Structure formats: structure tokens, C-alpha cells
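The structure under discussion appears below in the form of C-alpha cells.
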Amino acid sequence: MHRTCTRDDYYYFDDGSCILEVEDVLFNVHKSRLSMDSSSFGTMFSLPSGEHPVEGTSDDNPIILSGDTAADFRHFLWSLYALPSELILATSDSANLDQLVAIARISQKYAFRSIENWALDAIQEYINRKPFPILPSATGKSSSHNPIAENSEQLTTLIRLAQLCNHESLLNTSIQSLKNLMFDSIQYACLAMSLADELGLRTLRGVAYLQVMQHAVIIRRPCIDVIQQVTANQPSLASGMTFPTTPPVPENGPRISLTVEQQLRLLAGYYRLTETWEELRKTPPHFDHSIACGATWHQHGCMQSWVEFWKEKTKSDTLLNLGLADVIGRLKQISRTYEKWGSATYMHHDCRQVAKESINAMIKRVEDALPDYFSDADTSK
Numbered sequence: 004m005h006r007t008c009t010r011d012d013y014y015y016f017d018d019g020s021c022i023l024e025v026e027d028v029l030f031n032v033h034k035s036r037l038s039m040d041s042s043s044f045g046t047m048f049s050l051p052s053g054e055h056p057v058e059g060t061s062d063d064n065p066i067i068l069s070g071d072t073a074a075d076f077r078h079f080l081w082s083l084y085a086l087p088s089e090l091i092l093a094t095s096d097s098a099n100l101d102q103l104v105a106i107a108r109i110s111q112k113y114a115f116r117s118i119e120n121w122a123l124d125a126i127q128e129y130i131n132r133k134p135f136p137i138l139p140s141a142t143g144k145s146s147s148h149n150p151i152a153e154n155s156e157q158l159t160t161l162i163r164l165a166q167l168c169n170h171e172s173l174l175n176t177s178i179q180s181l182k183n184l185m186f187d188s189i190q191y192a193c194l195a196m197s198l199a200d201e202l203g204l205r206t207l208r209g210v211a212y213l214q215v216m217q218h219a220v221i222i223r224r225p226c227i228d229v230i231q232q233v234t235a236n237q238p239s240l241a242s243g244m245t246f247p248t249t250p251p252v253p254e255n256g257p258r259i260s261l262t263v264e265q266q267l268r269l270l271a272g273y274y275r276l277t278e279t280w281e282e283l284r285k286t287p288p289h290f291d292h293s294i295a296c297g298a299t300w301h302q303h304g305c306m307q308s309w310v311e312f313w314k315e316k317t318k319s320d321t322l323l324n325l326g327l328a329d330v331i332g333r334l335k336q337i338s339r340t341y342e343k344w345g346s347a348t349y350m351h352h353d354c355r356q357v358a359k360e361s362i363n364a365m366i367k368r369v370e371d372a373l374p375d376y377f378s379d380a381d382t383s384k
């Protein structure tokens, strides 16, 4: 036996037929269990052994598994040997999320497809419960020091797991939960920004970067760049996108480091959004006149009325108080104003409705394109 190895207290069976070593812990389990579900273990056991001693037949010659923790592997073995009543308990209100995550990850690694799908579905069912259960601890332990850090760690684990296992439902649910939390703290927005970059999550990138741009200030010091939650008396990045070099660092609010790449993406997003607004300010969204307008009205007068409305509202104080790069906010403000302008004298009723839809379509177009605004590539708009 390896001097530093110890036998697991539970999953070292006297009648086991395969000895595995994980983190200096020895597990003696049954080949028949490990070969279930067309797993990679079954494939390995079917290979000819050749002239070398067969691994897994003794404590001195175990099959060494790397990249896993003994605790996680113990969770996985539980799923191989669990009774039906125990499996039901694992999906109840008292479920252990850490256990289910470990089972899903290791099942995916060793191709236990049925167990992987069961664990992922169990996680999905667990986090669908209301209120959202990952607050502040999935294990039921009280959180005393930093609930945001604990919550962020668990959400990060779930999003990475869902991406790894290509479980679309779990990924969408976890991303939406993170999006909801982004509006409570800039720390969640920064987490979303980093995960979007790491995993290539387009649905998360745009809204995360926009949230940081609109609700944070960047404080530059020698050898360090941090962002901080914007306060009532502080300008956000979107209000001017400046990088002050000598301001006093406010004491309130979280401070989170930004990478150089993230700073560049924020700058790129700011300038691309301001360019988009400048184009929109000059030219209102296009719409096709209704047939009724062409038959009974002068389309030129109808369009002129629309252009004059647009020119007036894009100069309103309420709109100008919004950040220059807040294209979506400004368009939504115009849409709200348009509701009160519905009785324009020189615009056909049907055209007014189509024009309103053109504003909403432009909002949707900018929202869909947000990830491209904050991309590394030079995306023209």
C-alpha cells in the first residue's frame, strides 16, 4: 500500500473488485457498478492488459484518477450505490446541492450519461424552487461573513457545470438568476462580465458590460485599476467614460479589479454606443407608410411630422440627463414620450402606430447587438 494512502471508511468494500486512488484515498468498489451506463470505465476494463500487472487489483497498484477530489468522488460513488429512497431524498427540499454538482461533473467526465442527466435535472428542479435557494448557502449552513462571495461561487459553479454538460435549461436558469442579481450589486455584474468572457456567453456579455458601464466608476492608481459602485454624487462610466488619475477613493462600495482587456471592452462599448446614438439622433427609425396614408394623406407631411417629433424629443432635458451611451434608456424615454404624442396633427393614425413599433424594434435591435458593442473586434454599426 502507498504510505500516504488511506482506505475510505465507507467505499472500500471487502468484496470490491477494483481499487481506485483519488487524492491519496483508496476506494474498493465493484467493476460491475463502474461499467454501468456504457461508461469510460467499462471501455477501459475491456482493453487487454498486456504483460504489465493489471491496475486496480491491489492497494499497491490502484487505478489512479487525477483531477478529482476524494470528497467529490465519494459523492459520485453514492449515486452508484444509493437506494431508491435515497435518490428521492436527493431531489427533495433537503437536497445537497454540492453533492448533486459533484455527481453531475464526475458523471460527465467518465461518461455516465444517465446519472449525469439525472443529477442535472435534479439541480434544475432544486434551483427552480422559490425563493431562490442559493441564498446564502446550498448546504444549509449559515453565512456569516460574505454572502455575495458565497452566492457568486455557487452561481459560477452552476454556470460552468451547465456549460460543460451542455444543459441548456440549467444554463439559462442560472444566467437569468445572475442577471437578476446584477441590479443589486456591481459585484454580480463583474462576475457576469468575467463569466461571459471565460465561457463565451453572448447572452450574458452585453448586459453585464452595460451594467458595469452604467453603474460603476473607474479609479486609476499606479499599478491598480478598480471599479466601484456608483453613488448618488458620482458620475458613472456611461456619463463620460473618463478615467481619473488622482481622485480620492471613496470609502463606500465594493472595489473589484478590472483586467486590461475588460477596460478596453468597456471603452470600446462606450464609444460604439455613443456613435450609434449620434446616428439615431440625426435620423429617426425608418418605417413604411400605411396604404391608407398614401391614399388619403400626403406622405411627405406625415414623414415631416415624424422627423420634427424626433428632432424635438432627442433634445429634451429628460433625455439629455441620461448618459450619452445609454442608447436603450434614451430610446425607451422617447417611446414613453411618444405615447403622449399620439394625436399628432400631421401624421396618419396608422403611421403613428407603425412609427411606435419602429422605436421598439430599434430598442430590440440594440439590445440584441449589445455583445458586439463590447467585443474585441472592430464591429461597425
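Quick note on our numbering: the sequence shown kicks off at 4 and runs consecutively.
Note that beta-carbon positions come from the ideal geometry of N, C-alpha and C, so glycine has one too.
Treat the numbers as computed from the prediction; the structure is a model and nothing was measured.
Item: Span separating the alpha-carbon of Glu-254 from that of Ser-172; Value: Residue confidence for Glu-254 is low, a pLDDT of 48 falling below 50, so the modelled location carries little weight; the figure read from the coordinates is stated next. Glu-254 and Ser-172: Cα-Cα distance of roughly 40 Å.
Item: Straight-line gap, Ser-88 to Ile-118 (C-alpha atoms, nearest Å); Value: 16 Å
Item: Cα-Cα separation, Gly-304 to His-289; Value: 15 Å
Item: Where Leu-68 sits in the DSSP three-state scheme; Value: coil
Item: 8 Å Cβ shell around Ala-98 - same chain, five flanking residues per side excluded; Value: Leu-92, Ala-125, Tyr-129
Item: Run of the beta strand (DSSP E) containing Arg-268, from where it starts to where it stops; Value: Per DSSP, Arg-268 belongs to no beta strand (DSSP E); it is in the alpha helix (DSSP H), 263-285.
Item: Buried versus exposed call for Ser-95 [16 or more other C-beta atoms within 10 Å across all chains shown]; Value: exposed
Item: Classification of Tyr-273 by the beta-carbon crowding that lies within 10 angstroms, buried from 16 upward; Value: buried
Item: Close beta carbons around Glu-26, own chain, < 7 Å, minus the five adjacent residues each side; Value: Thr-72, Ala-73
Item: Which of helix, strand or coil DSSP assigns to Thr-46; Value: helix
Item: Span of the alpha helix (DSSP H) around Arg-339; Value: 330-343
Item: Close beta carbons around Trp-280, own chain, < 6 Å, minus the five adjacent residues each side; Value: Val-330
Item: Closest by C-alpha distance to Tyr-341, when choosing among Ala-122, Val-310, Leu-29; Value: Val-310
Item: Closest by C-alpha distance to Ala-211, when choosing among Lys-34, Ser-361, Leu-269, Lys-112; Value: Leu-269
Item: Glu-24, enclosing beta strand (DSSP E) - first and last residue; Value: 21-25
Item: 8 Å CB neighbourhood of Ile-1 in its chain, flanking five on each side removed; Value: For residue 1 there is no data in the structure shown, the boundaries of the chain being 4 and 384.
Item: Per-residue DSSP class, three states only, for Glu-370; Value: helix
Item: DSSP three-state assignment for Ala-219, whether helix, strand or coil; Value: strand
Item: Sequence-distant residues of its chain with Cβ nearer than 7 Å to Tyr-113 (five each side left out); Value: Ser-42, Ser-43, Phe-44
Item: Simplified DSSP assignment, three categories, for Ser-88; Value: helix
Item: Local Cβ density within 10 Å of Phe-186, reported as buried at 16 or more and exposed below that; Value: exposed
Item: Rounded Cβ spacing between Met-216 and Ala-328 (contact assumed at less than 8 Å); Value: 7 Å
Item: For Asp-187, three-class secondary structure by DSSP; Value: coil
Item: Proximity winner among Glu-24, Cys-8, Arg-355, Ser-378, relative to Leu-204 (alpha-carbon distances); Value: Ser-378
Item: Proximity to Ile-403 [Cα-Cα], best of Glu-24, Thr-176, Met-47, Leu-184; Value: The first residue shown for the chain is 4 and the last is 384, placing residue 403 beyond what the model contains.
Item: Cα-Cα separation, Ile-227 to Ser-260; Value: Its pLDDT being 43, under 50, Ile-227 is placed unreliably in this model, and the coordinates cannot settle the point.
Item: Within 7 Å, strictly: CB atoms of Leu-276 and Tyr-376; Value: yes
Item: Whole-Å CB distance - Ala-165 paired with Leu-174, under 8 Å assumed; Value: 4 Å
Item: Where Glu-315 falls, given that 16 or more other Cβ within 10 Å makes a residue buried; Value: exposed
Item: For Phe-2, three-class secondary structure by DSSP; Value: There is simply no residue 2 to check, as the chain begins at 4 and stops at 384 in what is shown.
Item: The alpha helix (DSSP H) enclosing Val-104, as first and last residue numbers; Value: 100-112
Item: Counterpart residues of Val-28 in DSSP-defined beta bridges; Value: Thr-9, Val-25
Item: Collapsed DSSP secondary structure at Tyr-129 in the structure displayed; Value: helix
Item: Residue interval of the alpha helix (DSSP H) (run including Leu-204); Value: Run containing Leu-204: none; DSSP gives neither H nor E here.
Item: Pick from Phe-79, Ala-85, Leu-90, Arg-132 that is closest to Gln-111, judged by C-alpha positions; Value: Phe-79
Item: For Ser-319, the three-state DSSP class (helix, strand or coil); Value: coil
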